[in-house]
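For any residue, its number in my numbering is found by taking its place in the sequence shown, counting from 1, and adding 107. Cβ atoms here follow ideal geometry from the backbone N, Cα and C, with glycine treated the same way.
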Amino acid sequence: PVRCAERIRMIESIPTSQWVNVPELVEAHGRHVLAFWKLRAVSLDADNRGGLDAFTEAVVDVVQENVDMTALITKGMTDLYRDSDEEMIDPAYVDNFLNTFLLNRLGSNVLLKQYLAVVSPEGFGFGMYNEQTGEGIVDPECDVARLCRETARSVGQMSKKETEQMPPPITVEAFSASESDRSHNGMSTSPTFSFIPPALGYILRELLKNSCRATVDACRGLPRGEVRRRPISVTVSADDSRMMICVADRGGGIPFDRVENVWSYLHSTTRKKWEEDSAFNNDDDPTELAGYGIGLPMSRLYARYLGGDLNLISLPGYGTHAYVFLPRLSSDQIETFPEQHRPDFQVDCGGQSGCHKPEFVL
Numbered sequence: 108p109v110r111c112a113e114r115i116r117m118i119e120s121i122p123t124s125q126w127v128n129v130p131e132l133v134e135a136h137g138r139h140v141l142a143f144w145k146l147r148a149v150s151l152d153a154d155n156r157g158g159l160d161a162f163t164e165a166v167v168d169v170v171q172e173n174v175d176m177t178a179l180i181t182k183g184m185t186d187l188y189r190d191s192d193e194e195m196i197d198p199a200y201v202d203n204f205l206n207t208f209l210l211n212r213l214g215s216n217v218l219l220k221q222y223l224a225v226v227s228p229e230g231f232g233f234g235m236y237n238e239q240t241g242e243g244i245v246d247p248e249c250d251v252a253r254l255c256r257e258t259a260r261s262v263g264q265m266s267k268k269e270t271e272q273m274p275p276p277i278t279v280e281a282f283s284a285s286e287s288d289r290s291h292n293g294m295s296t297s298p299t300f301s302f303i304p305p306a307l308g309y310i311l312r313e314l315l316k317n318s319c320r321a322t323v324d325a326c327r328g329l330p331r332g333e334v335r336r337r338p339i340s341v342t343v344s345a346d347d348s349r350m351m352i353c354v355a356d357r358g359g360g361i362p363f364d365r366v367e368n369v370w371s372y373l374h375s376t377t378r379k380k381w382e383e384d385s386a387f388n389n390d391d392d393p394t395e396l397a398g399y400g401i402g403l404p405m406s407r408l409y410a411r412y413l414g415g416d417l418n419l420i421s422l423p424g425y426g427t428h429a430y431v432f433l434p435r436l437s438s439d440q441i442e443t444f445p446e447q448h449r450p451d452f453q454v455d456c457g458g459q460s461g462c463h464k465p466e467f468v469l
């Protein structure tokens with residue numbers, strides 16, 4: 108309820124009264140108020156297992172009723188920016204607001220999904236339970252290379268369906284400098300670490316979607332088969348303390364003066380639909396190849412939420428390299444989210460200022 112209340116306060120603190128004229132923001136505000144009261148109204152009745160059943164029911168309702176919240180609040184803030192005549196509602200404010208709001212919501216969602224996965228093996232139909240380990244949404248032995256290959260196959264099929272041509276090949280290689288990743292014969296094995304597979308899968312899917320689309324677009328008008336000669340490479344590398352994933356393509360890159368635009372929620376190549384595009388969605392394939400303009404900033408939030416980061420290096424005329432850095436030690440995998448009652452709180456958590464690392468550890 109505390110985090111829900113923080114998001115209610117964020118909406119109510121938007122520095123213009125015009126937000127009440129934006130249907131999506133009014134809807135988001137109303138849903139948060141309802142969710143707050145559902146969670147607070149749970150009775151700790153000893154006859155009802157101390158309120159556990161009532162609390163579980165409330166959590167299920169809150170999760171189901173807000174599955175599209177990311178898209179809803181993003182569209183609301185985008186419309187507010189486009190329609191507002193207030194100078195303070197500028198791109199920097201919108202991006203800072205959404206980074207903070209969505210990072211706060213991400214933390215709530217992880218905790219709620221972990222709870223549901225633990226109290227029920229089926230996770231109440233949310234598809235987050237780890238059947239092999241019984242660890243809820245966390246896989247203590249997440250095989251990054253295998254997840255990369257599974258995601259690459261899925262994105263390749265998506266690319267073929269959307270573009271009606273063969274997608275660029277996607278290769279996956281894994282390396283490790285850690286002795287713990289060596290087999291009995293001394294050969295290096297695929298590095299594993301404790302992580303939330305749907306979150307990592309979301310990041311990989313967004314990066315590979317962008318690379319596939321850029322490569323296909325760069326090859327339009329070129330001799331047939333050129334796209335097959337521009338493979339996308341995924342390299343997984345690890346040592347004892349960190350994991351790194353590099354996704355490299357030959358899709359022509361991004362002009363230097365536009366690289367920062369990809370991190371803005373106001374920057375989009377296409378917005379055909381507004382629907383939830385999240386690692387915590389039930390839909391196995393909720394996105395189009397082109398994306399809705401929030402994939403990269405959301406991917407960076409996922410990475411930063413557990414102490415990692417996502418960076419891009421563009422080589423205009425050649426391609427783009429994306430680097431995902433993630434802590435491998437469980438002691439370093441502590442959630443980062445904005446704590447708004449701190450005196451040094453700042454809205455922008457892009458550089459981690461105004462954020463702190465509390466209780467949820469993988």
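Have a look at the DSSP bridge pairing and note the partners of residue 430.
BP columns for residue 430 point to 353 and 418.
With residue 346 and residue 426 assumed to form a contact (beta carbons below 8 Å), what rounded beta-carbon distance in angstroms separates them?
About 26 Å separates the two Cβ atoms, so there is no contact after all.
If you measure between the beta carbons of residue 278 and residue 338, is that distance less than 8 Å?
Yes, Cβ-Cβ distance for residue 278 and residue 338 is below 8 Å.
Out of 178, 274, 373 and 217, point me to the one whose CA is closest to residue 332's CA.
Comparing Cα-Cα distances from residue 332 to each of 178, 274, 373 and 217, the minimum goes to 274.
What does a CB cutoff of less than 6 Å around residue 121 pick up in its chain, not counting 5 residues either side in sequence?
Result list for residue 121: empty, nothing under 6 Å.
Got a sec: does the ligand NAD put a non-hydrogen atom nearer than 7 Å to the Cβ of residue 345?
The ligand content of the structure shown is nil, which means the ligand NAD is not present either.
Where does residue 281 sit, in a helix, a strand or coil, going by DSSP?
Note: residue 281 maps to strand in three-state DSSP.
With H, G and I counted as helix, E and B as strand and the rest as coil, what does DSSP make of residue 286?
Note: residue 286 maps to helix in three-state DSSP.
Helix, strand or coil for residue 255? Go by DSSP, reduced to three states.
Here residue 255 sits in helix by DSSP.
Under the three-state reduction of DSSP, which class applies to residue 326: helix, strand or coil?
The answer is coil: DSSP assigns residue 326 none of H, G, I, E or B.
Would the beta-carbon of residue 358 fall within 8 Å of that of residue 299?
Against a cut-off of 8 Å, the Cβ pair of residue 299 and residue 358 comes out as no contact.
For residue 204, which residues does DSSP report across the bridge?
Residue 204 pairs with nothing; no bridge assigned.
The beta strand (DSSP E) that contains residue 475, what's its start and end?
Given a span of 108 to 469 for the chain in the structure shown, any question on residue 475 remains unanswerable.
Whose CA, out of 301, 285, 330 and 340, lies closest to the CA of residue 311?
It is 340 whose Cα lies nearest to the Cα of residue 311.
Can you list, in chain order, the residues of its chain whose CB lies under 7 Å from that of residue 362, leaving out five sequence neighbours each side?
423, listed in sequence order.
Please say whether residue 149 and residue 161 have beta carbons closer to each other than 8 Å?
Result yes, Cβ atoms of residue 161 and residue 149 sit closer than 8 Å.
State the Cα-Cα distance for the pair residue 220 and residue 244, rounded to the nearest angstrom.
The alpha-carbon atoms of residue 220 and residue 244 are separated by roughly 7 Å.
Under 8 Å, do residue 61 and residue 282 count as touching if we go by C-beta distance?
Nothing about residue 61 can be read from this structure; the chain reaches only from 108 to 469.
Can you find the residues in the same chain that come closer than 8 Å, C-beta to C-beta, to residue 410, ignoring five residues on each side of it along the sequence?
310, 416, 417, 431, 432 and 433.
Quick check: what's the CA-CA separation for residue 330 versus residue 185?
Looking at the two C-alpha atoms, the distance is approximately 40 Å.
Between which two residues does the beta strand (DSSP E) holding residue 140 run?
Per DSSP, residue 140 belongs to no beta strand (DSSP E); it is in the alpha helix (DSSP H), 130-147.
Can you tell me where the beta strand (DSSP E) holding residue 197 begins and where it ends?
No beta strand (DSSP E) holds residue 197; DSSP gives it neither H nor E.
Given that a residue counts as buried once 16 or more other Cβ atoms are within 10 Å of its Cβ, and exposed if not, what is residue 404?
Buried.
Grab me the residues of residue 372's own chain with a C-beta within less than 8 Å of its C-beta, minus the 5 sequence neighbours each way, in chain order.
Same-chain partners within the cutoff: 181, 184, 185, 201, 202, 205, 400, 401 and 404.
Excluding sequence positions up to five away, which residues of its chain have a Cβ less than 6 Å from the Cβ of residue 351?
The answer, listed in chain order, is 344 and 432.
Decide if residue 268 is buried, meaning its Cβ has at least 16 other Cβ atoms within 10 Å, or exposed.
Looking at its Cβ environment, which holds fewer than 16 other Cβ atoms inside 10 Å, residue 268 is exposed.
According to DSSP, what are the bridge partners of residue 345?
Residue 345 pairs with 283 and 350.
Return the chain-ordered list of same chain residues with a C-beta closer than 6 Å to the C-beta of residue 366, the five sequence neighbours on each side being excluded.
If we look at residue 366 and ignore the five residues flanking it on each side, its Cβ neighbours are 421.
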